[in-house]
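This report concerns only the one structure given below.
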Amino acid sequence: MVTKWILTFSLLLSFSLSAQVGEDGVARVLRLRGEVSAVSKEGVKSKLKKLDWLKEGVRIETGSRSFVRIALLDKSQINIGPNSALVVAKSGINKKSVINLMRGMLRTKVMKDPNKSGDTAKSKFYIRTKTAAMAVRGTDFQVIFNERTQITNLLTFEGEVVFVKSSEREFIENIDYERLEKQVNQNTSVPVRAGQFSIALVKKQRVSLPTRINPIQLDALEKNKDLKFGNKKPRKLSDTNIQDNANVLPGLTSKEVTSVDSNIEKQLKDSLSEKLKEELLKDKKFEQNIEKKTEGFNNKETGEFAPSAGGFVDLDTGHYIAPPEDARYDEVTKMYIPPKNFGTIDLDTGEYIPPKNEDGEGRGPDSEGSEVIDYNGHSEDTSGVSPEVSEEIQEEIAAEIEEQAQEAQDEVQQEVEQTSTRLEVNVTVEN
26 MVTKWILTFS
36 LLLSFSLSAQ
46 VGEDGVARVL
56 RLRGEVSAVS
66 KEGVKSKLKK
76 LDWLKEGVRI
86 ETGSRSFVRI
96 ALLDKSQINI
106 GPNSALVVAK
116 SGINKKSVIN
126 LMRGMLRTKV
136 MKDPNKSGDT
146 AKSKFYIRTK
156 TAAMAVRGTD
166 FQVIFNERTQ
176 ITNLLTFEGE
186 VVFVKSSERE
196 FIENIDYERL
206 EKQVNQNTSV
216 PVRAGQFSIA
226 LVKKQRVSLP
236 TRINPIQLDA
246 LEKNKDLKFG
256 NKKPRKLSDT
266 NIQDNANVLP
276 GLTSKEVTSV
286 DSNIEKQLKD
296 SLSEKLKEEL
306 LKDKKFEQNI
316 EKKTEGFNNK
326 ETGEFAPSAG
336 GFVDLDTGHY
346 IAPPEDARYD
356 EVTKMYIPPK
366 NFGTIDLDTG
376 EYIPPKNEDG
386 EGRGPDSEGS
396 EVIDYNGHSE
406 DTSGVSPEVS
416 EEIQEEIAAE
426 IEEQAQEAQD
436 EVQQEVEQTS
446 TRLEVNVTVE
456 N
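So the sequence shown is numbered by our numbering: it starts at 26 and just counts up by one.
Following this line, the structure appears as structure tokens:
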């Protein structure tokens, strides 16, 4: 007990002496594993060690199966997952923090300001990617940014995060707190509360309205604070933990869990945290629109959309694997129940494990084409229309393709006419 108190006091003392001890450091390494390095503003790369200080503007990079936890001066903590990179763009004493996630995953625990509450608790912490921006007051959440597809997704475990679509131009501009606050408070931003998920897609002008992912995965991810990933192996379909039959777990309300078999019931009977259950039940606005958001929808006039509820988050890609159209809807849990051949969850890490395909590889046919979701959570596979997409959506896509073809034809015809006109003028001039 005495040793623990001394360590705690030492850590607090080190923060209070940050200006002297840290040599202008704004964050400190608390824990790490694997390959973790820092790149200074000047481009100097160095290997990080525990208790190293980090200056403003530093870029932190992690290798495969690597992890690092850093603490800011306000005691907020950032956990950086494998194959990730972020920049501590702004931070310091009496400063709002701005973190730029360049790729990969982060899990953040932001400390609330004890002297402010309610409307006076303005955003003190911002996270940005090339396609989205987030404002935080005090919460626990994770963010994934896929550098290749430019997908950003957000999953909140505690509190609230304001989520809004952003552009690369806004990302590279000089950081201005007033502009950042204005950006995250525009009418297209959405609050993502505990137990909710939202995603920013390149083809959409705004982020999705919050939905609920499979609660088995939600609970496993909430517990995986050290981001221990990378050891998963695709399981046989007979080993899947999610059944078609709906049985609500003892001790939990119907809105908190989806259907699982007896093995999962034993492990998760009391596993959802009290804070998570409390936040889920508090969200009255979400409950009022639960049917609309559960089924997934798209409003072409406003641009609002939401993927169907009950799906999985693929941590490797950032994609949302929504239940297929033929998934059974459970009236009790207000979620779709993914079939057994749709994959499962690693209960230790929360990672989505795709079903095996015919060759025994990790990603089977049921999850192919799910790389980019449309408003119902079904695929927008660039190689063709997925069989999971409804006839209505197929007709919309066909109409859009026809319209684009007609526009291209009109442009060609216009160019031909303009060329003919120029030739006639040239002939007249020569004569």
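Note that CB positions come from ideal geometry on N, CA and C, so glycine has one too.
- How would you label Arg-173, buried or exposed, when you count the other beta carbons within 10 angstroms and need 16 or more for buried? exposed
- Message: According to DSSP, simplified to helix, strand and coil, what is Ile-118?
- Response: coil
- Task: For Ile-200, count neighbouring Cβ atoms within 10 angstroms of its own Cβ and tell me buried if that reaches 16, exposed if not.
- Result: exposed
- Message: For Asn-171, which residues in the same chain have their Cβ closer than 7 Å to its Cβ, ignoring the five residues on either side in sequence?
- Response: Thr-342 and Gly-343
- Task: Whole angstroms is fine: what's the gap from Pro-240's alpha carbon to Thr-319's?
- Result: 14 Å
- Item | Closest Cα partner of Leu-98 within the set Ser-89, Val-112 and Asn-119 | Asn-119
- Where DSSP assigns a beta bridge to Asn-178, which residues make up the other side? Ile-169 and Ile-224
- Message: At the level of alpha carbons, what is the spacing between Thr-133 and Ser-148?
- Response: 15 Å
- Opposite Ile-370 in the DSSP bridges: which residues? Tyr-377
- Message: For Phe-222, which residues in the same chain have their Cβ closer than 6 Å to its Cβ, ignoring the five residues on either side in sequence?
- Response: Leu-180, Thr-236 and Ile-238
- Nearest to Thr-369 (by Cα), restricted to the options Pro-379, Ala-63 and Lys-253: Pro-379
- Message: Quick check on this structure: which residue in Arg-56, Arg-204, Val-161 and Glu-326 has the alpha carbon closest to the alpha carbon of Gln-230?
- Response: Glu-326
- Task: Please list, in chain order, all residues of the same chain as Gly-117 whose beta carbon is under 8 Å from its beta carbon, the five residues on each side excluded.
- Result: Val-51, Glu-81 and Leu-98
- Can you check DSSP and say which residues form a bridge with Leu-111? Ile-85 and Leu-126
- Message: Using a 10 Å radius around the Cβ and a threshold of 16 neighbouring Cβ atoms, would you call Glu-329 buried or exposed?
- Response: buried
- Message: Tell me whether the stretch 158-166 and the stretch 181-191 touch, counting them as touching only if at least three CB pairs, one residue from each stretch, are closer than 8 Å.
- Response: yes
- Roughly how many angstroms lie between the CA atoms of Tyr-202 and Ser-122, to the nearest whole one? 10 Å
- Message: On the criterion of 16 or more Cβ atoms from any shown chain inside 10 Å, does Val-93 qualify as buried, or is it exposed?
- Response: buried
- Query: If you drop the 5 nearest sequence neighbours on each side, which residues of the same chain put their C-beta closer than 8 Å to that of Val-112?
  - Reply: Gly-82, Val-83, Arg-84, Ile-85, Ile-124, Asn-125 and Met-127
- Message: Which same chain residues end up closer than 6 Å to Ala-225 when comparing Cβ atoms and leaving out the 5 residues on each side of it in sequence?
- Response: Thr-156, Ala-157, Thr-177, Lys-190 and Val-232
- Item | Residue range of the unbroken beta strand (DSSP E) whose run includes Asp-355 | 353-355
- Message: Please classify Arg-204 as buried or exposed, where buried requires at least 16 neighbouring CB atoms within 10 angstroms.
- Response: exposed
- Express the C-alpha separation of Ser-101 and Lys-137 in angstroms, rounding to a whole number. 9 Å
- Identify every run of the alpha helix (DSSP H) within the stretch 42-79, keeping only runs that are complete inside it and at least 4 residues long; order them along the chain. 43-46
- Task: Return the CA-CA distance between Gln-175 and Asp-49, expressed in angstroms with no decimal places.
- Result: 33 Å
- Message: Determine, for Phe-182, whether the minimum Cβ-Cβ distance to residues of chain D falls below 8 Å.
- Response: In the structure shown, chain D cannot be found, because there is only a single protein chain.
- Message: Rounded to whole angstroms, what is the Cα-Cα separation between Pro-349 and Leu-234?
- Response: 19 Å
- Rank Asp-339, Lys-359, Val-209 and Val-54 by C-alpha distance to the C-alpha of Leu-246 and give the top, closest one. Asp-339
- So, Gly-59 versus Ser-109, is the Cβ gap smaller than 8 Å? no
- For the beta strand (DSSP E) containing Glu-185, list its first residue and its last residue. 185-190
- Task: State yes or no: is the C-beta of Arg-153 within less than 8 Å of the C-beta of Phe-196?
- Result: yes
- Query: Name the DSSP beta bridge partners of Pro-216, please?
  - Reply: Val-187
- Task: Tell me Ile-238's beta-bridge partners as DSSP assigns them.
- Result: The partner list for Ile-238 (beta bridge, DSSP) is empty, contrary to what the question assumes.
- Determine the contact status of Pro-364 and Ala-352, defining contact as a CB-CB distance below 8 Å. yes
- Query: Tell me which same chain residues have a C-beta within less than 6 Å of the C-beta of Val-227, skipping the five on either side of it?
  - Reply: Gln-175
- Query: Could you give the distance in angstroms between the alpha-carbon of Gly-88 and the alpha-carbon of Asp-251?
  - Reply: 15 Å
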